[in-house]
Amino acid sequence: MDLQYRFNQLDFESNAQDITVSLNSLSFNHSLSNEEKKYLCLRPRHHAFAVTTCAHAVYIVSTLNEMRQVLSEIRHPINQKTIQFLHQSPPRDALKIGFIGCGRLGKQIVLSMLKFTDVKPNELYISTRRPESLGSFQKVGVNCFHDNKEVVRRCDVIFLCCLPSQIPVVADDITGHIRPNSLFMSFVTGVPLHRLRQMFQHNNISKTEFTWSMKNANHRWCIGETVNLALEKDWIANTVSPNIGNVKMSGIVWSSTKIIETVLYTAINMCPSLHLTTNEVLQLLNIVFLSKLDSCTSKLTWKHILNDDSLAVVNQGNLPVFDISHVAMHDTPMTLFFKSENEQQLHQMILNKFTSIFTKFKQS
């Protein structure tokens, strides 16, 4: 019994070592032919695509949720002492997030949401043909079922994570049921955005667009780590952030500023239902999209965001409504702003806000 007790007290975790590190015969590359080794660059690229996709999904949800939460706390202030002593939570007005399809990528996105955003499990809705395969999500309170219409009826942001071959069936199922102001985000490869818009008959639809180059194939990457472990690294969070201006494209894959534009114009589209004035909307955008820098007082203005026609609408006290698919496919005033060399302070504040999402939650 004494021997068994001492055996149980041993700290295997702290002293554990990977004894296979120096055994080349057990490495991933060992059994590959010279011809097959030419394609090893695809492995980190695939992993980089997954990490970057999850980072952008987290950014969408975190930013739009923060906008609603900030507004809710302004309208319904609670004294900090009340929160501390009575354990009363600040008022919550969170988005409902939907997934259509939940294969490998979909699961990684959900795990990233639960790790790096303040979204609650019961605010996630997943429609998949095999909900019984998502038992681990159901145990923590995620809503899992097989009903695409129910997802689009309930949710403010919908992520399309099905196979390309399933898109026609999904489109036939949900077309006409998507809420007009919902953001519909596609992570399906091989189907262009104009085709998605045509199939789903929805204006607020966008998709992730990444670029890669063989010149960057051997750049540093955290191959083999889970998505969440990767995003906990500061250098990864910086690498997966959108490329603004003339920033050197140092990652294996990289994205344009369209993800930021999509979220910003979606945020404006959501504001009329929140009964905000144009000045209040602009103040809210500055809070949500910019980090705080003591040395910088720069702020976003309507001229950064709107063209002349939209400015005229704002000057009359109204908010324009944006076609998100048009934003994704064409240049906007924000596109020109991101290319400007005279706005580098604002650019950095926007990038800092992006990366702060992951540093905020990485210790939790």
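Plus 5 on top of the position in the sequence shown (first one is 1) and you've got this note's numbering. Note that beta-carbon positions come from the ideal geometry of N, C-alpha and C, so glycine has one too. The structure presented is a predicted model; accordingly, all values stated were derived computationally and were not measured.
Using the C-alpha atoms, what's the distance from E137 back to I249? 42 angstroms
For W4, does the three-state DSSP call read helix, strand or coil? Nothing in the structure corresponds to residue 4, since the chain is present only between 6 and 369.
Is it buried or exposed, D314, if we count other Cβ atoms within 10 angstroms and call 16 or more buried? By the neighbour-count criterion, in which 16 or more other beta carbons inside 10 Å mark a residue as buried, D314 falls on the exposed side.
Roughly how many angstroms lie between the CA atoms of M334 and T231, to the nearest whole one? Answer to the nearest angstrom: the Cα atoms are 32 angstroms apart.
First and last residue of the beta strand (DSSP E) that includes N148? 148-150
Looking only at DSSP bridge pairs, what is Y130 linked to? G103, N148, per the DSSP bridge assignment.
Rounded to whole angstroms, what's the CA-CA distance from L356 to P126? Just pull it up for me. 28 angstroms
How big is the Cα-Cα spacing for L234 and F363? 11 angstroms
Rounded to whole angstroms, what is the Cα-Cα separation between S132 and L289? 33 angstroms
Give me the Cβ distance between V162 and S187, rounded to the nearest whole Å; I'm assuming they're in contact under 8 angstroms. 7 angstroms
With distances taken between CB atoms, is the gap from F192 to I210 smaller than 8 angstroms? With respect to the 8 angstroms criterion, F192 and I210 are not classified as neighbours on the basis of their beta carbons.
Same chain, Cβ closer than 6 angstroms to D98, neighbours up to 5 away in sequence not counted: R73, S77
For H52 and T271, what's the separation of their Cα atoms in angstroms? 28 angstroms
Across the region 163-175 and the region 254-266, are there enough close Cβ pairs to call them in contact, namely three or more that are closer than 8 angstroms? Not touching, per the Cβ criterion.
What would DSSP say about W240, mapped onto helix, strand or coil? helix
Rounded C-alpha distance that separates K238 from H309: Near 32 angstroms, if we compare the C-alpha coordinates of H309 and K238.
To the nearest whole angstrom, what separates the beta carbons of N148 and L100, a pair I think is in contact under 8 angstroms? Actually they are not in contact, since the Cβ atoms of N148 and L100 sit about 14 angstroms apart, beyond 8 angstroms.
Beta-carbon separation (whole angstroms), V63 vs S117, contact threshold 8 angstroms: 5 angstroms
In the DSSP assignment, find the beta strand (DSSP E) that holds I257 and state where it starts and stops. Segment: none, I257 is in no beta strand (DSSP E) and carries neither H nor E.
Would you mind sorting E128 into buried or exposed? The rule is 16 or more other CB atoms within 10 Å of its CB. buried
Examine the Cβ distances between the region 340-349 and the region 273-289 and report whether three or more of them are shorter than 8 angstroms. no
Just reading off the alpha helix (DSSP H) that V293 is part of, what are its end residues? Its alpha helix (DSSP H) spans residues 283-294.
So the candidates are F215, Q350, S296, Q206; which of them puts its Cα closest to the Cα of R50? F215
Which residue comes first and which comes last in the beta strand (DSSP E) that contains S211? 210-212
What is the DSSP secondary structure of S141, counted as helix, strand or coil? helix
With DSSP as the reference, identify every bridge partner of L165, one or two as the case may be. Looking at the DSSP assignment, L165 forms a beta bridge with I105, S191.
With DSSP as the reference, label T337 as helix, strand or coil. Note: T337 maps to coil in three-state DSSP.
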